[in-house]
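Chains as they are written, first to last, in this note's numbering: chain A, 8 to 348; chain B, 8 to 348; chain C, 8 to 348; chain D, 8 to 348.
4 protein chains.
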Amino acid sequence: MIINMREGASEQEIQHVVDRVKEAGYQAHVTRGTERAIVAAVGSNGRRHELQALAAAPGVAAVVPIAQPFKLVSRQVKPDGTVVDVGGVRIGDGSFVIIAGPCSVESRDQLFSTASAIKAGGAHLLRGGAYKPRTSPYEFQGLGLEALELLSEARRRTGLPVVTEVMSTEDVELISEHADMLQVGARNMQNFALLRRLAKTNRPILLKRGPSASVREWLLAAEYLLAGGNQDVVLCERGIKTFETETRNTLDLASLALVRELSHLPVLADPSHGTGRPTLIAPMSRAAAALGADGIMVEVHPCPERALSDGPQSLDLDGFSRLMRSLAEPLRAVARGWDRS
Amino acid sequence: MIINMREGASEQEIQHVVDRVKEAGYQAHVTRGTERAIVAAVGSNGRRHELQALAAAPGVAAVVPIAQPFKLVSRQVKPDGTVVDVGGVRIGDGSFVIIAGPCSVESRDQLFSTASAIKAGGAHLLRGGAYKPRTSPYEFQGLGLEALELLSEARRRTGLPVVTEVMSTEDVELISEHADMLQVGARNMQNFALLRRLAKTNRPILLKRGPSASVREWLLAAEYLLAGGNQDVVLCERGIKTFETETRNTLDLASLALVRELSHLPVLADPSHGTGRPTLIAPMSRAAAALGADGIMVEVHPCPERALSDGPQSLDLDGFSRLMRSLAEPLRAVARGWDRS
Amino acid sequence: MIINMREGASEQEIQHVVDRVKEAGYQAHVTRGTERAIVAAVGSNGRRHELQALAAAPGVAAVVPIAQPFKLVSRQVKPDGTVVDVGGVRIGDGSFVIIAGPCSVESRDQLFSTASAIKAGGAHLLRGGAYKPRTSPYEFQGLGLEALELLSEARRRTGLPVVTEVMSTEDVELISEHADMLQVGARNMQNFALLRRLAKTNRPILLKRGPSASVREWLLAAEYLLAGGNQDVVLCERGIKTFETETRNTLDLASLALVRELSHLPVLADPSHGTGRPTLIAPMSRAAAALGADGIMVEVHPCPERALSDGPQSLDLDGFSRLMRSLAEPLRAVARGWDRS
Amino acid sequence: MIINMREGASEQEIQHVVDRVKEAGYQAHVTRGTERAIVAAVGSNGRRHELQALAAAPGVAAVVPIAQPFKLVSRQVKPDGTVVDVGGVRIGDGSFVIIAGPCSVESRDQLFSTASAIKAGGAHLLRGGAYKPRTSPYEFQGLGLEALELLSEARRRTGLPVVTEVMSTEDVELISEHADMLQVGARNMQNFALLRRLAKTNRPILLKRGPSASVREWLLAAEYLLAGGNQDVVLCERGIKTFETETRNTLDLASLALVRELSHLPVLADPSHGTGRPTLIAPMSRAAAALGADGIMVEVHPCPERALSDGPQSLDLDGFSRLMRSLAEPLRAVARGWDRS
């Protein structure tokens, strides 16, 4: 940490900061400029938050961190990429994983027709919502347990491991019995009670980026999981909120490349939520493959215009086939191993 | 709802939409333009989500809602403003309520010195965090039960009712025993499991706006509470995320005026989180008073530079006194009753 | 400037940075932490951009500025607030200046009826667009010279000095003959050719904040004017672009308070563009007054539903009267001199 | 256009809207719902802005457009993609065009070493700034005419056509003598005086997207050029402003795919400005290629740490070679013609 003093800060104020830096467990190095001084706090075992609070000390202009605040998720700590095994499917090993399925599980027919179609098309994992976070209380909230049982059955039939969202600490146990991977939705990315509970499961976690979360906040949310004991974390970028309204969100593909640089965790793109427009799903999926993402998550529904949620951004079964064909060529290129950096 | 057809949509596609509109429980009125047609869905008892899904039907360009999606929070439904009673303090009756206190409860001394100072300065409610949502797992997470007991004791000593944040459904009962009002933090605004649980308490709720929540999403989060049975909801704007980095967030004061227009619920401003800069708290508080907000929530700490959380944006005890003096004149003007529209 | 070295940067890399810092005209102070080193560049007469470019040097993690990049607009350089005289109206002297008028000058009748109504209502300056920046080439682009002549005539009739927008270097001379103050619109805030030209006029400038300009970029745009020789600059916040769509823009009132802290230049709010909703103009104007703004700029039209531009956000003549009545009480409070800090 | 009436709007108010719709040159169709009415304006030859202004009429809730406001840039008007010829290089014909060069032209050596390196690496066009838009007046503003002459010479030596930015109407003629393509920078995207002037040149235009411009606003800026007579327009996305600060901007790749859908104009990505981080340039370039962009524009400098502008985001000559190698495989995949939709 660097503590920047204000122009004209007194010697007493500088000394006070030096004393507090030492009190916090660091060494203090003062550099005096022509107009202002800075105090560098040196060491790695001090109490970081005590330095941060010095922003409120007299004569201090700002406290500037010089290191990233996350540890266990950092690639510095673990240079090799993490591979997460989800019911036998490996995410992060250089392959490109396709997670597909309906936004919500609505019925046996809807789920099973989708599951067999995506299986035939080449998907690796089945997604489907049982408990749905909905902006309005008057919208469809998911079938709950019934959906979980249908997902279990779909897995038995197709062999596809299942991903589903968990919204509450109270549901973790039940959902873990039925799902191979637990998803933390974008709106719950900083639901720390939920993160702490999920750190204690033995299920891998799919952690979606919050719509206004910085990459740093996202990685710190993952840090909650790793610090709590769960190393099997896959990140998923699903678009951030910006001023642009032609797309539902702005899919921040650069964040995927950046996360691969900063962290060893695998990272996926969700072009369905990320764009909200079916016509943009194939091009953004190809883009994700080309930049080195570990896979995608897409919404597929046998009849999008009858979907109880997110129909307008879902692919129909034909659309999913076309997507997979459109991905074939770039994935062959990926497989030939272009430089993924 | 209006369903806009694409240019060149076929008669068959238009007819299909008409059929689906009727199926959803509405009447369908078609208007044919020179280049495109629109289908209006008329009625108020149909299944709204079935119309929304038509965005995915062939030939449809967009589905445009023409009514606001919230009901119980709407001023149309209840023209008179709601007054929420929090331990005898009335919010929403035209007065300007001051909620003050430390970000986190850190110790007996810290809490009691703050509580008596804000009481003396004219605050109406005491805030203090017992369970803290923190971006990093390595930051101070709150004293938990010990903090709740200190808050209870502070209430007995000062007579100030207490507001504290609840982060998890599992904590609702315990916190309700100690606090007069339960706060839903910005990051939990769309934690629907928590909202549903809080709808069943008999405690009033302070619902903070999420950092990337639109006014519409915020009101729909409140709708969860009202629809679930809890009418005592106070809204609080605490800044949204934008590109501006000189302030911690961008305090969207216009949203307060807009919420007063759209809803009957009282609404507060939180200039501490909203700006992150102590020097901006007084001017933004005066602004909130002048535009007709029902009060403010501010962070106060006896020694901000030693605070375990949010020190840099906290007022010290002197700063709180100055804030109250700075508010005196505009509040007299408010009291004389300028047009609050 | 602080140059943060990467973890594991070599001695050679550190030495290279030290050499380059000296080459750029600064002293270099190295502080070695347990994991990384920092190099502080000390001095005030070096070549700042050479330090910035070091972000690209081997072993460097980041270059962090510790001083604000603007000079002449800074309150540190000139602690007393600047007062700008616009045809006898003083902006920045503690009074609250009202600039009102139509978005575009459309006709003699429209302009003169508006001008006399706002004069009667208590406005100090008349605004009206002659050359209009319009998003689409098919929208009304302004009456040009005819509008300028009408504005001149309106000034003669009412005595109100005139503000109008200049969009191009080529129009500066002509517009200066007819207007008392030249406005730089939000979309031209970083039209540096225009700023450089306006720095050479003897007319005061109203510099609107760009819709995605940070406060720092806005003040640097003003710095172009001051550095080029024009000291008579008034700033105007008119809303920034965010994800919120219920309001046309998000009026960033905190930026006004912040600008007053950082700079000596007067600063206004434009609640018409800032909100896009007539019902929000009065509350946001009162808020601006209460926080210490130097005035407001509002759009007024005798018949908003027939306006050729910005009708939906314009007040009609009655609405303007109501606004002025709604402001009376807070302005009396301001006049009694509450603490403006 | 659809005019949504408020709930409870009177018959008189509805009739007034109907009259005004007809007055504006449209037919009016009224649909009465159970709670509110809508009025559809039918026709394509009316005065659109008169409908928009009805948002201010009594009883009106909102005016909702149902067609895109641009015409000449629309793919509906011209289904085949436009191919723009820049000194013999064709942009938009299915190939992937590489524009590379330094942010600013700084010296003969710097420009010529860069130009020959990018030529050798496979670039198609040379970029280099002669007149630079800089946030601060104290930063390097470009070499002006000297730079233009160096660019001309670099073209003669390498055969690479030249792209350079024009900031002012006054410079258009001079720059046109030296450059093959004129760039409108992001901050000038809505400098309408400049757009109108450029519509009259015979040089192709590279129109960068403004940092807070929606796709719609961007296409309307292009519409100014086409409507004014210049059909040779290439669009370039260079990142939008969002809350994320780890990257300089957020490169909105979905906007490229969307622009290809809405418009016939070619569209490029600028990953240098779009990310501000050299390590992200290669992955984002591959992504742009994979989604169907017509090319990229990247900043290259022989010694980024000595660059007078944008050094930290520039590739060095080696970095450019690596970029081109990293692109080879995806470009072969593109060449084999995957579905570009």
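Even for Gly, the Cβ is constructed at its ideal location relative to N, Cα and C.
- Spatial neighbours of D239/C in its own chain (CB-CB distance under 6 Å, excluding positions within 5 residues in sequence) are listed in chain order as V91 and P211.
- For secondary structure counted as the alpha helix (DSSP H) over 4 or more consecutive residues, the stretch 220-301 of chain C holds these complete runs in sequence order: 222-235, 260-269, 278-282 and 285-298.
- A Cβ of chain A is located within less than 7 Å of the beta carbon of Q197/B.
- By the Cβ rule, the stretch 69-89 of chain D counts as touching the stretch 260-269 of chain D, because three or more pairs are nearer than 8 Å.
- Burial check for E172/A: the Cβ neighbour count within 10 Å reaches 16 or more, so the residue is buried.
- Chain-ordered, the chain C residues with CB closer than 8 Å to the CB of M291/B read L260, A261, A264 and L298.
- Going by C-alpha positions, T142/D is about 6 Å away from L227/C.
- As the crow flies, the alpha-carbon of G283/D is around 23 Å from that of P273/D.
- Closer than 7 Å to the CB of P337/B there is at least one CB belonging to chain C.
- Along the stretch 54-67 of chain A, going in chain order, the ones with a CB nearer than 9 Å to a CB of chain B are R55, H56, E57, Q59, A60, L61, A62, A63, A64, P65 and V67.
- Per DSSP, D26/C is one residue of the alpha helix (DSSP H) stretching across E18 to E30.
- In the DSSP assignment, R134/C forms a beta bridge with V170/C.
- Judged by DSSP in its simplified three-state form, V112/C adopts coil rather than helix or strand.
- Boundaries of the alpha helix (DSSP H) around L181/C: V179 to H185.
- For A314/D, same chain residues with a beta-carbon under 8 Å away, outside a window of 5 residues either side, are P109, C110, S111, E113, H308 and S321 in chain order.
- Scanning the stretch 28-93 of chain B for uninterrupted beta strand (DSSP E) segments of 3 residues or longer gives 34-39, 44-49, 67-71 and 91-93, listed from N- to C-terminal end.
- For F250/C, the residues of chain B that pass the 8 Å Cβ criterion are S219, S221 and I247, in the order they occur in the chain.
- In the structure shown, Q320/D falls within a helical segment according to DSSP collapsed to helix, strand and coil.
- Contact annotation: P65/B and E20/B have beta-carbon atoms nearer than 7 Å.
- About 26 Å separates the beta carbon of G246/B from that of R203/B, a gap too long to meet the 8 Å contact definition.
- Taken atom to atom, the span from the alpha-carbon of M196/D to that of S221/D is near 11 Å.
- The continuous stretches of beta strand (DSSP E) do not include R204/C, which lies in the alpha helix (DSSP H) extending over residues F199 to L205.
- For T165/B, there are no neighbours in chain C by C-beta distance under 7 Å, as the nearest C-beta there is about 27 Å away.
- DSSP places R97/A inside the beta strand (DSSP E), whose first and last residues are V96 to I98.
- For A300/C against L263/C, the beta-carbon gap comes to about 5 Å, under 8 Å, which counts as contact.
- The straight-line gap separating the alpha-carbon atoms of N198/B and G53/B is approximately 28 Å.
- Secondary structure of K215/A (DSSP, three-state): strand.
- About 5 Å separates the beta carbon of I73/A from that of N11/C, a gap short enough to meet the 8 Å contact definition.
- By DSSP's assignment, I10/C forms a beta bridge with V46/C and V70/C.
- With fewer than three CB-CB distances shorter than 8 Å, the stretch 154-161 of chain A does not count as touching the stretch 177-189 of chain B.
- Taking the Cα of I106/A as reference, the smallest distance to any Cα among P337/A, A342/A and P278/A is reached at P278/A.
- In the DSSP assignment, L189/A falls within the beta strand (DSSP E) that extends over M188 to V191.
- Between the alpha carbons of S183/B and V46/D lies a gap of roughly 51 Å.
- Rounded to whole angstroms, the gap between the alpha carbons of E336/D and H280/C is 49 Å.
- About 11 Å separates the CB atoms of G151/C and M174/C; that is not less than 8 Å, and the two are not in contact.
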